[in-house]
Structure formats: structure tokens, C-alpha cells
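Line by line, the protein sequences give chains A and W. Residues in the first sequence are numbered consecutively from 33, following this note's numbering. Residues in the second sequence are numbered consecutively from 22, following this note's numbering. Worksheet for the structure shown next.
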Amino acid sequence: MLRAALERNDPAAVELMWDRYAGDLFAYLQAVLCSRHDAEDVLQAVFVRIVQKRHRLAKARHINAYVFRIARNEAFSFISRRKRERNVEDVNKSWLIAPEGHKEQNELAEQLQAVLALLPRPQREVIVMKIYRQKTFLEISRLLGLSHNTAASRYRYGMEKLRTLLRDIIS
Amino acid sequence: MNEKNADNKQIEILLRKAHLPEPSSKLKERITAEAAKAWKQTSPELPWQTPIRRFITSAAAAVFIIWLANSYSDYVLVRWQSSGGQVVHKQPFDLDVLPEIPYSPFARHLVSTSRKPSMTDVSSFRNYTETMLRVLDEARQNGVSKPPAPAEGRSILLREKSAFDSYSLMQITKG
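What follows is the structure, encoded as C-alpha cells:
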């Protein structure tokens, strides 16, 4: 449906793309950037880029992987820009939220996002997509252009690190 | 293993106590508006444009590389000439004195023996025939024959004793 709309050069494709990709892309970008605010900016850049490359997207064999590749490239350019323009410490690192809004829950969410930010980016990407978007390893591997085993091992190593980092909270 | 799985379950449960926000409707409006604007600004690329653009790019790159190679070659030549280099024209080798012939030792010997000067008199023809007969006879008996004495003023390839299968060029002149 999306491919057909792109081939027809129908502007309604933007709406379809949003419904299909916005949630996953937003989660992915937050995992990469560790900032909701930055993820919003990059998501906009990603959609503009997708629209500019719509003719290629229409011909792409794996549209999902192509979209995520664009998102990844945009996120990396944003990170380099951010490093050049300002101190990394200034980044607003709020991205995980507590479901109920209690003070304790908010503290836990802050702790979790701080701990997740300590993980290497590739491991964080897989963990966030698996835990918060309920993706299978197969889906993650297709989205991120990885092999199934790589996605699984990144998850496993990430969880091992989290076990160490969250030992106090778990106990 | 089970302990690890249980730990992982605990961590997953803990992580799920927080969640990632979905993109807001305000964000959706903003981004779809930007995307729609970009849609209008960019014209769709026609299918035939891509290969043509690639061809033009490749051709331009090829021309540039050739130009660069020529310029470099000219530059090197000018530098070499300015440093006093001179072009020397070298005559090609006489085929009779080529040091290497890509055949077996016997074949090389036979070729070198057969490259005799044109026979202008009966005696030289007889000498030549005798030499050839001797070479063939020795070859039949031993497999490889010793090279015969060359004719006057001719070069011949001789096997050196020091190195196996190597030959030296000798100019032999009669008395």
C-alpha cells in the first residue's frame, strides 16, 4: 500500500509512513540519542529525507530497512553536529517516562534511563526495541540490518551489563 | 542458565516499569506538515534519469582520471628533461644473439646451431651438414648433446658449469 502510494507519487504516502514507522523510529532514535527532544528533531529530519528519497524508497527491496538506515544516518549526523556545536553534557537526557507519574516511579524511570545510557549504543538499540517496542529478534535484525544471531547476542551482552548495573535495585 | 534467564526476566520486568513515549499528535502535525512541504518542493525522479546520471558521472570521472594521468606524465617528463636526461634510441637485438630462448636445452642448442650464416660455398655447406648430423647423432645417443664449435664470427649460447641451466653468450672468432 505504501509502496503503491510512493510509486503513484501520492502525498498521502506521508500519512501512511507516519502510521507505519513513527512509533518504531521514535523509540529507535531515543535509544540512539538518549534524548526525547533530540529524537523529535531527528524524526522530522528523517521524514523530510524519506520524502526526498521517495523514488528510491519505492524501489527498495526492504522498505523497513531502508527507512531505518536513513534514521540511523540522520541520528549519526545529528550526534556529530551536537558534538561540534555544544557540550555533550548539555543534552537533555529525559526520554523514559514512568506510567503513573508517582515520584518513586519517576525516580525509577530516571535511574533506568541513566543505566541504559551507560550501555554501548548497539546493545541499547536492541534492548529498547525488544523491551519497549516488543519486537522479536528477527524483526529487529531486519529493521537494523543485522543477522539474527548478532541481534540476540547484543541483547544478551546488554542484559549481562544491566544485571551488574541494576544489582542494587533488583536486590 | 536458568538463573540467568530468571535474572533477565527480572531485569525485563524492571525495565517495563518505565516506558517510551509515543510521538505526540502535535509532533505528528509538525512533521507531516514539513514532509508535505518537502514533497511539493522535490520533483519525483524519472526512472530513466538514474542510469543517465550514473553514466555521466562515470564518464566525467574517467576523463578526470585520464587528464590527471596525462598531467602527471607531462610533469614528470619535464622534470626529467630539466635534470639533463636524454632520450636514447636503442636498436633491437639481433635474433641470433638473444640470450634466452624459451625451449628445452636441446631445442635451444639446435636452434643456435641452425642459425648459421647463409652458405655461400660447398665447404661451408658440408661443414654445416656434418655439424647438424653430429648434433642429431649425439642427441640420439645421449639425449642432450654438447654444443658444436660455432662458425667464425658467430655468437652461441653455452651452458655454464657454475649454474645449472644457465647460459652465457660467447663470441668466438677463428684465429
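From the three backbone atoms N, C-alpha and C, an ideal C-beta is built for every residue, glycine too. Source: prediction; values computed, not measured.
Under the three-state reduction of DSSP output, W:His40 falls in the strand class. The alpha-carbon of A:Thr182 is positioned some 26 Å away from that of A:Leu75.
For W:Leu89, the enclosing alpha helix (DSSP H) begins and ends at 70 to 103. Assignment of beta-bridge partners to A:Ile129 by DSSP yields W:His40. Taking C-alpha positions only, A:Arg40 is separated from A:Pro154 by approximately 36 Å. Taking the Cβ atoms as the reference, A:Val46 lies roughly 12 Å from W:Thr63, outside the contact range of under 8 Å. The Cβ of W:Thr78 sits no closer than 8 Å to any Cβ of chain A. Those residues of the stretch 26 to 45 of chain W placed with their C-beta closer than 9 Å to a C-beta in chain A are Asp28, Asn29, Gln31, Ile32, Glu33, Leu35, Leu36, Arg37, Lys38, Ala39, His40, Leu41, Pro42, Glu43, Pro44, Ser45, ordered along the chain. Under the Cβ criterion of 8 Å, W:Trp60 is counted among the residues facing chain A. As the crow flies, the alpha-carbon of A:Ala92 is around 34 Å from that of A:Glu117.
When C-alpha distances from A:Asn96 are compared across A:Ile159, A:Leu34, A:Leu197, A:Gln166, the shortest belongs to A:Leu34. Comparing alpha carbon positions, the residue from A:Phe58, A:Phe79, A:Ile82 closest to A:Ala71 is A:Phe58. The Cβ atoms of A:Ile129 and A:Ala146 do not sit closer than 8 Å to each other. One finds Leu41, Pro42, Glu43, Pro44, Leu48 in chain W with Cβ atoms closer than 9 Å to the Cβ of A:Phe58, taken in chain order. Interface annotation, A:Ile172: not in contact with chain W, CB-CB separation never under 8 Å. For W:Glu55, the nearest CB of chain A lies under 8 Å from its own CB, placing it at the interface with that chain. When C-beta atoms of the stretch 28 to 42 of chain W are compared with those of the stretch 163 to 177 of chain A, three or more pairs fall below 8 Å, so the two segments count as touching. Sorting A:Asp200, A:Glu157, A:Leu197 by C-alpha distance to the C-alpha of A:Ala184 places A:Glu157 at the top. Taking C-alpha positions only, A:Glu192 is separated from A:Ile201 by approximately 15 Å.
Between the stretch 87 to 94 of chain W and the stretch 100 to 108 of chain A there are fewer than three C-beta pairs closer than 8 Å, too few to call the two in contact.
Contact annotation for A:Tyr164 against chain W: His40, Leu41 [CB-CB distance below 7 Å, chain order].
Cβ atoms of A:Tyr60 and A:Ala90 stay farther apart than 8 Å, at about 22 Å.
For a Cβ distance threshold of 8 Å, nothing in chain W lies close to A:Leu176: the least Cβ distance comes to about 17 Å. Beyond the five residues adjoining it in sequence on each side, W:Arg51 comes within less than 6 Å, by CB distance, of no other residue in the same chain.
A:Tyr53 is classed as buried because its beta carbon has at least 16 other beta carbons within 10 Å across all chains shown.
Contact of A:Met191 with chain W by beta-carbon distance below 7 Å involves Asn29, Ile32. Distance from the Cα of A:Val99 is smallest, within the candidate group A:Val80, A:Arg114, A:Arg113, for A:Val80. Rounded to the nearest whole angstrom, the C-alpha separation of W:Lys58 and W:Thr78 is 30 Å. Contact between A:Leu194 and W:Ile32 holds, since their C-beta atoms are separated by about 5 Å, short of 8 Å. Minimum Cα-Cα distance from W:Lys61 among the listed residues A:Ile82, A:Pro43, A:Leu144 corresponds to A:Pro43.
Under a criterion of Cβ atoms nearer than 9 Å, the residues of chain A adjacent to W:Arg51 are, in order, Glu72, Gln76.
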